[in-house]
Amino acid sequence: MKQKIAMTLLLLCITLGGAAQNALPDTLLFVFKLHGQTRKYEMTFTPKNDAVVLNWRILRNLHWQKGTYTLTPQALQKATQLSFLMPEDKRHVTLPDDQTAYLLSQEAYRSLKARQRFAYNHTEYELLDSNERAAGFALLHVRDTLEGGEMWILDNPSLPLVWSMQNNPLEINWRVEIKQ
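Mature numbering (1 follows the signal peptide of the UniProt record, and there is no 0) puts the sequence shown at residues -19 to -1, 1 to 161.
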């Protein structure tokens, strides 16, 4: 009897430990590099009805600046562009239906998974590998076929987050860090 209880507890711990490894924290730290400057934004992605509200904030001059971007249900399903709109304090922006912020639409994600390629911002991206991991998920490493911009996208169908962008021709690069 004691062996059965011990084995059950061991299996439960292994199962819960594995599940915890595939969980994203509530708040992510986005570290941006832009023209030699570094900015660190705290961001949360909150489902609201069928939309997603991205709450952001940054500590600037001992004052928290904050705002939101709302991604519409249509954008989450079929958007074809990433928004590079610069955050402005106290602004609450609803992005157009063809734009997402920091994540891919479901249509683009499905294309990446099925065809190993997708188009965003009128640019074709090809899958290179999925060797790296973040927050327990594989990262899908893609590169644009023309200018060499690279993204690492969280292989998570419910939130295909652009975990990192490097070599962006617009020179807006970032990586996500787990906030400690």
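Just so you know, even glycine gets a beta-carbon here, dropped at the ideal spot from N, CA and C.
It should be emphasised that the depicted structure is a prediction, and the values quoted were computed from it without experimental measurement.
Close beta carbons around residue i, own chain, < 6 Å, minus the five adjacent residues each side
{"i": "Y106", "result": "F99, V123 and D125"}
{"i": "T8", "result": "E23, T25 and K160"}
{"i": "F118", "result": "L135, D136 and N137"}
Proximity test, Cβ basis, 8 Å: residue i and chain B
{"i": "L5", "result": "Included in the structure is just one protein chain, with no chain B present."}
Cβ-based neighbour list, residue i, same chain, cut-off 8 Å, excluding 5 preceding and 5 following
{"i": "L108", "result": "L93, Q97, R98, L121, H122 and V123"}
Cβ neighbours of residue i in the same chain (closer than 7 Å, five flanking residues each side left out)
{"i": "E152", "result": "L15 and H16"}
{"i": "V34", "result": "T27, T49 and T51"}
Classification of residue i by the beta-carbon crowding that lies within 10 angstroms, buried from 16 upward
{"i": "S139", "result": "exposed"}
{"i": "L66", "result": "exposed"}
{"i": "T19", "result": "exposed"}
DSSP state of residue i mapped onto helix, strand, coil
{"i": "R72", "result": "coil"}
{"i": "K94", "result": "helix"}
{"i": "L84", "result": "strand"}
{"i": "Q58", "result": "helix"}
{"i": "A89", "result": "helix"}
Among the options, nearest to residue i - alpha-carbon criterion
{"i": "L84", "options": "T61, N148 and A4", "result": "T61"}
{"i": "N36", "options": "R91, M146 and T75", "result": "T75"}
{"i": "R72", "options": "R38, E88 and L43", "result": "R38"}
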